[in-house]
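For reference, the structure is listed below as structure tokens.
Protein chains: 2
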Amino acid sequence: MTIYSAPTQESWFVLRHVIGIDAHSRLPGYEQMDEGSVTAVLEGVGRMVADVLAPLNRAGDVQGCTRHPDGSVSTPDGFRDAWTQWVEAGWPTLEGDPAYGGMGLPKVIATAAAEYVLSANQSFETYTGLTAAAIAAIEASAPDDIKALYLPRMVEGIWSGTMNLTEPHCGTDLGLLRTRAEPIGDGRYAVTGTKIFITGGEQDLTENIVHLVLARLPDAPPGVRGISLFLVPKFLPDDAGEPGARNAVSCGSVEHKMGLRGSATCAMDYDGATGWLLGEPHKGLAAMFVMMNAARLAVGLQGVAQAEVAFQNARAYALERRQGRAGRGTPDPAAPADLLIAHPDVRRMLMEAKAYTEGLRALCLWCAHLVDVSHGDPDVDERAAAEGTLALLTPVIKAFASDKGFETTINCQQIWGGHGYISENGMDQFVRDARIAMIYEGANGVQAMDLVGRKLGAGQGRPFARYLEDISGLVEGCRDHPVLADIAMPLGASVERLADTATWLAQAGTDNPDDAGAGATAFLHLLGTVALGAIWLRMARAATRLTASDGYSQAWLDAKVETARFYAARMLPETLALAAKVRAGSASVMAIPANLI
Amino acid sequence: MTIYSAPTQESWFVLRHVIGIDAHSRLPGYEQMDEGSVTAVLEGVGRMVADVLAPLNRAGDVQGCTRHPDGSVSTPDGFRDAWTQWVEAGWPTLEGDPAYGGMGLPKVIATAAAEYVLSANQSFETYTGLTAAAIAAIEASAPDDIKALYLPRMVEGIWSGTMNLTEPHCGTDLGLLRTRAEPIGDGRYAVTGTKIFITGGEQDLTENIVHLVLARLPDAPPGVRGISLFLVPKFLPDDAGEPGARNAVSCGSVEHKMGLRGSATCAMDYDGATGWLLGEPHKGLAAMFVMMNAARLAVGLQGVAQAEVAFQNARAYALERRQGRAGRGTPDPAAPADLLIAHPDVRRMLMEAKAYTEGLRALCLWCAHLVDVSHGDPDVDERAAAEGTLALLTPVIKAFASDKGFETTINCQQIWGGHGYISENGMDQFVRDARIAMIYEGANGVQAMDLVGRKLGAGQGRPFARYLEDISGLVEGCRDHPVLADIAMPLGASVERLADTATWLAQAGTDNPDDAGAGATAFLHLLGTVALGAIWLRMARAATRLTASDGYSQAWLDAKVETARFYAARMLPETLALAAKVRAGSASVMAIPANLI
Chain S
1 MTIYSAPTQE SWFVLRHVIG IDAHSRLPGY EQMDEGSVTA VLEGVGRMVA
51 DVLAPLNRAG DVQGCTRHPD GSVSTPDGFR DAWTQWVEAG WPTLEGDPAY
101 GGMGLPKVIA TAAAEYVLSA NQSFETYTGL TAAAIAAIEA SAPDDIKALY
151 LPRMVEGIWS GTMNLTEPHC GTDLGLLRTR AEPIGDGRYA VTGTKIFITG
201 GEQDLTENIV HLVLARLPDA PPGVRGISLF LVPKFLPDDA GEPGARNAVS
251 CGSVEHKMGL RGSATCAMDY DGATGWLLGE PHKGLAAMFV MMNAARLAVG
301 LQGVAQAEVA FQNARAYALE RRQGRAGRGT PDPAAPADLL IAHPDVRRML
351 MEAKAYTEGL RALCLWCAHL VDVSHGDPDV DERAAAEGTL ALLTPVIKAF
401 ASDKGFETTI NCQQIWGGHG YISENGMDQF VRDARIAMIY EGANGVQAMD
451 LVGRKLGAGQ GRPFARYLED ISGLVEGCRD HPVLADIAMP LGASVERLAD
501 TATWLAQAGT DNPDDAGAGA TAFLHLLGTV ALGAIWLRMA RAATRLTASD
551 GYSQAWLDAK VETARFYAAR MLPETLALAA KVRAGSASVM AIPANLI
Chain Y
598 MTIYSAPTQE SWFVLRHVIG IDAHSRLPGY EQMDEGSVTA VLEGVGRMVA
648 DVLAPLNRAG DVQGCTRHPD GSVSTPDGFR DAWTQWVEAG WPTLEGDPAY
698 GGMGLPKVIA TAAAEYVLSA NQSFETYTGL TAAAIAAIEA SAPDDIKALY
748 LPRMVEGIWS GTMNLTEPHC GTDLGLLRTR AEPIGDGRYA VTGTKIFITG
798 GEQDLTENIV HLVLARLPDA PPGVRGISLF LVPKFLPDDA GEPGARNAVS
848 CGSVEHKMGL RGSATCAMDY DGATGWLLGE PHKGLAAMFV MMNAARLAVG
898 LQGVAQAEVA FQNARAYALE RRQGRAGRGT PDPAAPADLL IAHPDVRRML
948 MEAKAYTEGL RALCLWCAHL VDVSHGDPDV DERAAAEGTL ALLTPVIKAF
998 ASDKGFETTI NCQQIWGGHG YISENGMDQF VRDARIAMIY EGANGVQAMD
1048 LVGRKLGAGQ GRPFARYLED ISGLVEGCRD HPVLADIAMP LGASVERLAD
1098 TATWLAQAGT DNPDDAGAGA TAFLHLLGTV ALGAIWLRMA RAATRLTASD
1148 GYSQAWLDAK VETARFYAAR MLPETLALAA KVRAGSASVM AIPANLI
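Respectively, the protein sequence lines represent chains S and Y.
Under this note's numbering, the letters of the first sequence match residues 1 to 597, in that order.
Under this note's numbering, the letters of the second sequence match residues 598 to 1194, in that order.
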């Protein structure tokens, strides 16, 4: 039996004291973001996920989803009731546009809340998360009548959304996709093809399912420039907008997976299904990327969320289980053995978990705030700057947070020893569920290629240069601080190392693209390690500016500073190895003939 | 459907050209180790594991083991037939003492063969592997009549062995164990208590199961100095030595685990079961450690084996699946997309997998050779030197090979993209099966404590110093070599870094034991990274000394050198970060009060 309690105090600390949401009242929704309102939302979501969703997590893993002979799919027992409660509580509507019945809360608040849902039950969250992504794509590219018909129901949570990109022969390389769409008049299209790995492609939670499908028009040019986006509902809405005739789309099978088993991963057959074009012909990939970018940030958040729940359970175990005597004297001489947490190597693992979890949460929330700025800041330059930083960091968040989140679940499972390998104890599910985040929404290697191939040089490299300047400025401001200096100094060295490595990479990658490819993953981790160092320095600085009178105990504030110090001393040195790996180039990577590797 | 083919050429290259088994004919069993004999064994085992065991691997994972109401346990369908074939082929007897019906082959050959069994079906191997470990403990500590009764049947494989250490409240800390043994006359004891995580505690493969059980005698002092080792058979042998009356030991439950599901992990209840003391009273832990050390090397080998089979499947997929265009030009312009293996980031993952798998195999085989030397060298100094190196490297092999083996399975699963997360494709089982090796036989953190707390300083630090000298000598010998220089140079820098870090650790750990504990895992990885670098330099040197006339193609030999170069350029830089982590000390690890972590 695992435990979970939503870390609302941690979220609030980041929102208020690191991001400073109170200083952004110019942004839509931020004006109402006082402590009382935010806390009410966070604690409300936190309570429901702990009470309703967390208890279904392991049972859902054991039972999984079932496809019946008629093609219908059952989610695990309890999911349907939980969905009803979730919708009745209004939580799906958090970030929805008020024009369609949403609460209109900022992305940054919705993101803080989404983390809790993911920690409590990642499988359950996939249904809501992909609906939110589909809403974003429809908002961005659908004509008004489709918005008016679909969005209110999707925002409310009685209809859901899916993303249909992958086909059996193509995942990363969407240029190869074969699903076709033929005009049948009346602005409608007949969509035919097979899609795989469709999360929530079929389920028993919602009255209708709105599939967003990439397909080719008859006159489409080959490759990615010939892909269009279509909306294909499971049930065609009738004149009243209610689910009417069944569309020619069905679930052919449900996958058996390593984890995320409460989430129905479906193979979907489109057999001349009726669809509507979203956006312009052949521009479907751009329209889908609205969805993809939001989804990539959400996937990074999955890493944070699984790390958090694994960390909570590892910490609890280390505070309860006694084994052996710790290194320095005997903390607990009257007991037969010391607590695990007294052992330095166990503490090391816990501190790594804490440093990654809290740091990555702050980074994800900060990026969610950048989404709010990029959409809603009245100043066009601010919007553009936020968009540039966000584009740069999106692959980093997706890949680095999912890699480190997974690594953290492994460390936390390790603290449980043999008991961590026993399924009943739940640690193994955190590992298995966390694993998918490194793969879907663009495998992490693809994120790394996106970073070095497109994002680093975007805008003549200005967003990247500006990001480095921001961190250097932060370092300068803390370099002489009595408490923060020994956090700032190694960060300063690391950001210089990052800058030098980027310069090397830009030159080398121009001479030989293989150098960029061979160093891409190491470079992404280098940037991620520095980004996390920077956010930790921000958190430590915020903690030094607060006192017990601000609602935090002094010991809690000191712990923030100490964790930043741990990160600087223990994690920033990884930049040494990562920089060296990038600079090793591609020669030894590409040397061996393919058939002899 | 996964593939597996035993890498006999790789094994033979290491045995003959890196270890040089032909130069050790003074060792028992080595005199018959010509190419024909060794190849016959390796290929024979390789064929049977590929034909019989590999096809059962996934089915065993899906079905798992079942405990029936009468306490009996079924292994997965097919395991029993496979066991019969295995015994009939004589493979269990490979390294057995000829006095008890064994073939008497060297440990190094048995280890090469065990890797194949583990790759094909790790669950199946646990039954044979623990039997081998139990045989070693009985040989080392049992009186002659017990040896004569039990060993022939265990060597043949018709009886199996188990290790019973863990209890619900104690795993790492065996000083806490409560199982008791009371003398009942006639040299017999009544053993009472509960043991958990007993691999093969009950199964349907063998006629009898020989449990080796740690328990306390009535007059036992508390802690680890009061533990004795008992032999407790499932069936008490009758006068003819056949399984007779059922003993009072039974299986209370079989665990549901993350992986290794074909291996029955049992909770065992001893209810006054009849047992015999092995070795001296209160010296059971020393007797069990004979078993533990062999088992730790075997667990390291599990990391190699899962890495190898995952690597084979990732490579095959990368040579078949086409996605996107690779960085440098278009390797395959006529095809709709390039093979995955053309992409530098995919190649990077494959090269890491290759470097770790082949390097760790060589390290494991070299340590197995040291076992042979330490047992059988006529020169007492050679025996002692081998024993010292072996003691030093045992925790490194166990922890580093299992950590890197697991990491490799993850990388290989990643190459499969979303298809790697689908259970039917088998990549996920490699990950889940590999995970346990980091936990059992002493969690990897415990190995790290063993290394820095005991092994580094053992023998006044001479084994460690001698090991470093060996590597430095190797580096010196290759420093001016036209091909090997750029492999030797970074290794030279890394071994100096290791030596400096060890000096720092010895001093700091004396002043504050927490520094040793906080740096233990990073130090173990530092030593492991250098050890692998050294074995890669040895492999590269061996490859430069061979030509196509020795039975290897020049391209194959060149690939060995290139992989060594890849390791030196890409993996040795990790020593920079690891050394810095050790030197960061324990201050930031221990700073935060336990309740605020």
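Ideal Cβ placement from N, Cα and C applies to all residues, glycine included.
Here the structure is a predicted model, which means the values were calculated and not measured.
Backbone CA spacing between residue i and residue j [nearest angstrom]
{"i": "Pro69 (chain S)", "j": "Leu857 (chain Y)", "result": "32 Å"}
{"i": "Ala286 (chain S)", "j": "Trp1101 (chain Y)", "result": "55 Å"}
{"i": "Pro333 (chain S)", "j": "Leu762 (chain Y)", "result": "24 Å"}
{"i": "Met292 (chain S)", "j": "Arg944 (chain Y)", "result": "26 Å"}
{"i": "Cys65 (chain S)", "j": "Lys404 (chain S)", "result": "28 Å"}
{"i": "Ala1090 (chain Y)", "j": "Ala686 (chain Y)", "result": "49 Å"}
{"i": "Asp816 (chain Y)", "j": "Gly768 (chain Y)", "result": "23 Å"}
{"i": "Glu1195 (chain Y)", "j": "Ala959 (chain Y)", "result": "In the structure as shown, chain Y starts at 598 and stops at 1194, and residue 1195 (chain Y) therefore has no counterpart that could be examined."}
{"i": "Arg813 (chain Y)", "j": "Glu799 (chain Y)", "result": "23 Å"}
{"i": "Gly782 (chain Y)", "j": "Phe827 (chain Y)", "result": "15 Å"}
{"i": "Gln903 (chain Y)", "j": "Tyr953 (chain Y)", "result": "11 Å"}
{"i": "Ala273 (chain S)", "j": "Ala190 (chain S)", "result": "5 Å"}
Exposed unless 16 or more other CB atoms sit within 10 angstroms - verdict on residue i
{"i": "Ala10 (chain S)", "result": "According to the sequence as given, residue 10 (chain S) is Glu; it is not Ala. Glu10 (chain S) should be labelled buried."}
{"i": "Glu280 (chain S)", "result": "exposed"}
{"i": "Ile209 (chain S)", "result": "buried"}
{"i": "Asn910 (chain Y)", "result": "buried"}
{"i": "Pro168 (chain S)", "result": "exposed"}
{"i": "Ala1040 (chain Y)", "result": "buried"}
{"i": "Asn247 (chain S)", "result": "buried"}
{"i": "Ile439 (chain S)", "result": "buried"}
{"i": "Ile471 (chain S)", "result": "buried"}
{"i": "Met1 (chain S)", "result": "exposed"}
Identity of the residue in the options nearest residue i by Cα
{"i": "Gly897 (chain Y)", "options": "Y:Gly784, Y:Leu1124 and Y:Ala996", "result": "Y:Ala996"}
{"i": "Asp678 (chain Y)", "options": "Y:Gly768, Y:Leu612, Y:Pro689 and Y:Asp801", "result": "Y:Asp801"}
{"i": "Gly303 (chain S)", "options": "S:His256, S:Tyr116 and S:Asp238", "result": "S:Tyr116"}
{"i": "Gly36 (chain S)", "options": "S:Arg26, S:Asp22 and S:Met48", "result": "S:Asp22"}
{"i": "Phe721 (chain Y)", "options": "Y:Ala737, Y:Gly797 and Y:Asp741", "result": "Y:Gly797"}
{"i": "Leu1154 (chain Y)", "options": "Y:Lys792, Y:Thr1141, Y:Leu612 and Y:Ile793", "result": "Y:Thr1141"}
{"i": "His17 (chain S)", "options": "S:Ile597, S:Val495 and S:Leu365", "result": "S:Leu365"}
Residue i in three-state terms, based on DSSP
{"i": "Glu31 (chain S)", "result": "helix"}
{"i": "Trp276 (chain S)", "result": "strand"}
{"i": "Val752 (chain Y)", "result": "helix"}
{"i": "Ser602 (chain Y)", "result": "coil"}
{"i": "Leu174 (chain S)", "result": "helix"}
{"i": "Arg583 (chain S)", "result": "helix"}
{"i": "Gln826 (chain Y)", "result": "One detail in the question is off: residue 826 (chain Y) reads as Leu in this sequence, not Gln. Strand at Leu826 (chain Y)."}
{"i": "His24 (chain S)", "result": "coil"}
{"i": "Met889 (chain Y)", "result": "helix"}
{"i": "Pro834 (chain Y)", "result": "strand"}
beta-carbon residue i near the ligand ATP non-hydrogen atom, thresh 7 Å
{"i": "Gly1042 (chain Y)", "result": "Annotation note on the ligand ATP: not contained in the displayed structure, which lists no ligands."}
Short CB-CB distance (under 8 Å) between residue i and chain B
{"i": "Lys354 (chain S)", "result": "Looking at the structure shown, chain B is missing, and the protein chains on hand are S and Y."}
Chain S contact residues for residue i, given Cβ-Cβ distances below 7 Å
{"i": "Asn1109 (chain Y)", "result": "Arg328"}
Listed by chain order, chain S residues near residue i by CB distance under 9 Å
{"i": "Ala696 (chain Y)", "result": "Within chain S, no residue comes near Ala696 (chain Y); the closest Cβ sits about 36 Å away, beyond 9 Å."}
{"i": "Trp1101 (chain Y)", "result": "Here the premise fails: no neighbours, minimum Cβ distance about 14 Å."}
Under 8 Å by beta carbon: chain S residues contacting residue i
{"i": "Thr769 (chain Y)", "result": "Gln323, Gly324 and Gly417"}
Amino acids of chain Y, ordered along the chain, whose beta-carbon sits closer than 8 Å to that of residue i
{"i": "Leu576 (chain S)", "result": "Pro1170, Leu1173, Ala1174 and Ala1177"}
{"i": "Arg67 (chain S)", "result": "Within 8 Å Cβ-Cβ: nothing; Arg67 (chain S) doesn't reach chain Y, min ~15 Å."}
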